[in-house]
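Structure, as C-alpha cells:
Residue numbers (this note's numbering): 6 to 326.
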C-alpha cells in the first residue's frame with residue numbers, strides 16, 4: 006500500500022508534519038510519500054529519513070498520476086489545494102477548526118474539534134504519539150529534591166503571550182523548590198521570564214530532539230486559555246515519558262487526561278493546588294506511573310495502526326458498493 010500524505014507546513018516542529026511522520030512509523034510495511042505545500046526544513050528532511058519527501062505550492066493532476074498512490078491522507082487541506090483522482094481513495098484528517106476540502110472519508114483529531122466543526126457524530130481518530138527520545142543521562146526524576154516544571158511550545162508570538170510573565174512570577178514566589186524550564190521561548194522574552202522566575206529558569210531551543218526534556222521534567226505546565234488546542238499532542242508526549250501534565254481544562258486536552266494521570270485546570274488556583282499536591286514525591290511517582298501507562302495504551306502507534314487500518318477497510322468497502 007502506497008500512502009501519500011499531504012501537509013501544509015514543512016516543519017516537523019509545528020503544524021501537522023509531526024503527525025505525518027508518526028503515521029509513517031505506525032505503518033512500517035507501507036510505502037510512504039509526503040508532500041509539503043511549503044519547503045521542508047533540513048531537520049524535517051533528516052527526521053523523515055527514508056520517506057520520500059516532495060514539495061510545492063500545489064499538486065498538479067499529472068504529478069499525482071506519476072506518484073501513483075493507493076491512498077491519500079490530506080492533513081488539514083483546503084479545497085482549492087486538493088486533487089483527488091477518482092480512482093484513488095482519499096481521507097481528510099482535520100486538525101483545527103475551519104472549512105476543509107471534501108474527500109471520501111473525513112476524520113477529526115479530537116471529539117472537541119468534531120463538535121466545534123458542527124459534526125458531533127463525526128469520526129474521531131486520535132493522533133499516534135511516539136515515545137520521546139530519551140536523554141543519555143536518563144530521567145533522574147527520583148534523584149532530585151527539587152522539581153522541574155517545563156513548558157514546550159513552538160516559538161511563535163501567540164504561543165508566548167505577555168501574561169505568562171506575571172503568571173510565572175506568582176508561581177516562582179509560591180514554590181521556591183521548583184525550577185522552571187522553557188523550550189521555544191522567543192529570545193526577546195527570556196530576560197523578563199527569567200526575572201519572573203527569580204533566576205530559576207533555563208531556556209532551550211525548539212527542535213525535534215527538545216522533546217527529550219520531557220524525561221527530565223516532573224511536570225509539563227501549559228496555561229493559555231486564549232489558545233485552545235484541538236488536540237495538543239505535547240500532553241500525550243509528556244505522559245509517554247512519565248511527565249505529569251498540568252494543562253487547561255479545554256479542547257483536546259480533556260480527551261487525553263483521565264483521573265490520576267494529570268490535572269485539568271480551570272484557573273490558576275487549580276494549577277497552584279496541583280503543584281502543591283505534587284510536592285509530595287510519592288504523589289509524583291504514582292501520577293507519573295499512571296500517566297505513562299495510560300498514554301502508552303491510548304496513544305501508541307499500534308493503537309493508531311489498528312484504527313487506521315479499520316478506517317481504510319471501511320472506506321474501501323463503501324467505495325465498492
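For each residue, glycine too, the CB sits at the ideal point set by N, CA and C.
| field | Extent of the continuous alpha helix (DSSP H) to which residue 170 belongs | value | Translated into positions along the chain shown, residue 170 becomes position 165. Counting along the chain, the alpha helix (DSSP H) containing residue 170 begins and ends at 169 to 179.
| request: Look at the alpha carbon of residue 45 and the alpha carbon of residue 291, and state the distance between them as a whole number of angstroms. | output: Within the chain shown, numbered from 1, the residue matching residue 45 stands at position 40. Within the chain shown, numbered from 1, the residue matching residue 291 stands at position 286. When rounded, the distance between both Cα atoms is 40 Å.
| field | Contact check, residue 238 vs residue 134, beta carbons under 8 Å | value | The residue given as residue 238 occupies position 233 in the chain shown. The residue given as residue 134 occupies position 129 in the chain shown. Yes, Cβ-Cβ distance for residue 238 and residue 134 is below 8 Å.
| On the three-pair Cβ rule with 8 Å, is the stretch 160 to 174 touching the stretch 51 to 58? | no
| field | Three-way DSSP call (helix, strand, coil) for residue 35 in this model | value | Position 30 of the chain shown, counted from the first residue, corresponds to residue 35. Note: residue 35 maps to coil in three-state DSSP.
| said: For residue 289, would you say it is in contact with chain C, using Cβ-to-Cβ distances shorter than 8 Å as the test? | reply: Considering every chain present, this structure includes no chain C. It has just one protein chain.
| task | Apply the 10 Å Cβ neighbour rule to residue 203 and answer buried if 16 or more other Cβ atoms are within range, or exposed otherwise. | result | For the purposes of this step, residue 203 is taken as the residue at position 198 of the chain shown. Exposed.
| said: My output table needs one value for residue 186: the three-state DSSP class, helix, strand or coil. | reply: By one-based count along the chain shown, residue 186 stands at place 181. Residue 186: strand per DSSP, three-state reduction.
| field | Sequence-distant residues of the same chain with beta carbon closer than 7 Å to residue 208, five excluded per side | value | Translated into positions along the chain shown, residue 208 becomes position 203. These residues qualify, in order along the chain: 187, 190 and 195.
| Quick one: Cα of residue 176 to Cα of residue 182, how far? | By 1-based counting over the chain shown, the position of residue 176 is 171. By 1-based counting over the chain shown, the position of residue 182 is 177. Using only the alpha carbons, I get a separation of about 11 Å.
| request: Quick one: give me the first and last residue of the beta strand (DSSP E) that residue 269 is part of. | output: To locate residue 269, count along the chain shown from 1; it is residue 264. Element bounds for residue 269: 268 to 270.
| message | When you compare the CB positions of residue 50 and residue 28, do they come within less than 8 Å of one another, or not? | response | Residue mapping note: residue 50 aligns to position 45 of the chain shown, counting from 1. Residue mapping note: residue 28 aligns to position 23 of the chain shown, counting from 1. Their beta carbons are not under 8 Å apart, which means residue 50 does not touch residue 28 by this criterion.
| What does DSSP give as the partner residues of residue 253 in its beta bridges? | Counting from 1 along the chain shown, the entry for residue 253 is found at position 248. In DSSP, residue 253 forms a bridge with 270.
| request: Note down, in chain order, each residue of its chain lying with its Cβ closer than 6 Å to the Cβ of residue 300, except the 5 sequence neighbours on either side. | output: By 1-based counting over the chain shown, the position of residue 300 is 295. Excluding residues within five positions, the ones whose Cβ falls inside 6 Å are 241, 244 and 245.
| query | Beta carbon of residue 114: closer than 7 Å to some heavy atom of the ligand ZN? | reply | No copy of the ligand ZN appears in this structure; indeed no ligand is present at all.
| field | Proximity of residue 60 and residue 77 at Cβ, strictly below 8 Å | value | Within the chain shown, numbered from 1, the residue matching residue 60 stands at position 55. Within the chain shown, numbered from 1, the residue matching residue 77 stands at position 72. Not closer than 8 Å, so no.
| said: Just to confirm, is the Cβ distance from residue 117 to residue 97 under 8 Å? | reply: For this step, residue 117 is matched to residue 112 along the chain shown. For this step, residue 97 is matched to residue 92 along the chain shown. No; because the gap between Cβ atoms is not below 8 Å, this pair is not in contact.
| Excluding five sequence neighbours on each side, which residues of the same chain lie with their C-beta closer than 7 Å to the C-beta of residue 212? | The residue you call residue 212 lines up with position 207 of the chain shown. So the qualifying residues of the chain are 18 and 48.
| request: Pull up the CB-CB distance for residue 224 and residue 154, whole angstroms please, since I reckon it's below 8 Å. | output: For the purposes of this step, residue 224 is identified with residue 219 of the chain shown, where counting begins at 1. For the purposes of this step, residue 154 is identified with residue 149 of the chain shown, where counting begins at 1. The pair is a contact, with the Cβ atoms about 4 Å apart (cut-off 8 Å).
| task | Scan the stretch 69 to 114 and note each continuous alpha helix (DSSP H) run of 4 residues or more that stays entirely inside, going in chain order. | result | none
| task | Can you say whether residue 287 is buried or exposed, counting buried as having 16 or more other CB atoms within 10 angstroms of its CB? | result | Within the chain shown, the letter at position 282 stands for residue 287. Exposed, by the Cβ-count rule.
| said: Just to confirm the assignment: which complete beta strand (DSSP E) runs, minimum length 3, are found wholly within the stretch 187 to 219? | reply: 206 to 209
| How about residue 206 and residue 185: do their beta carbons lie closer than 8 Å? | Here residue 206 is taken as the residue at index 201 of the chain shown, counted from 1. Here residue 185 is taken as the residue at index 180 of the chain shown, counted from 1. Yes.
| task | Have a look at 75, 14, 31 and 293 and flag the residue whose alpha-carbon is nearest the alpha-carbon of residue 58. | result | Taking the chain shown and counting its residues from 1, one reaches residue 58 at position 53. Nearest of 75, 14, 31 and 293 to residue 58, Cα basis: 14.
| What does residue 40 pair with, by DSSP beta-bridge criteria? | The sequence position of residue 40 within the chain shown is 35, counting from 1. DSSP lists 11 and 59 as partners of residue 40.
| request: Can you give me the start and stop residues for the alpha helix (DSSP H) that residue 239 sits inside? | output: As a first step, residue 239 must be located in the chain shown, where it is residue number 234. Its alpha helix (DSSP H) spans residues 238 to 245.
| task | Would you kindly report the start and end of the unbroken beta strand (DSSP E) that includes residue 263? | result | Looking up residue 263 in the chain shown gives position 258. Residue 263 -> no beta strand (DSSP E), and no H or E assigned at all.
| message | Could you compute how far the alpha carbon of residue 263 sits from the alpha carbon of residue 296? | response | Locating residue 263 in the chain shown gives position 258, counting from the first residue. Locating residue 296 in the chain shown gives position 291, counting from the first residue. In a straight line, the C-alpha of residue 263 is about 9 Å away from that of residue 296.
| With a CB to CB cut of under 7 Å and the five nearest residues on each side skipped, what residues in its chain are close to residue 199? | For the purposes of this step, residue 199 is taken as residue 194 along the chain shown, with counting starting at 1. Within the same chain, residue 199 has close Cβ partners 206.
| said: I'd like to confirm the pairing. Which residues does DSSP put opposite residue 18 in its beta bridges? | reply: Numbered from 1 along the chain shown, position 13 holds the residue referred to as residue 18. Answer is none; residue 18 lacks a bridge partner.
| Same chain, Cβ closer than 6 Å to residue 126, five either side skipped, listed in chain order | The residue you call residue 126 lines up with position 121 of the chain shown. Excluding residues within five positions, none has a Cβ falling inside 6 Å.
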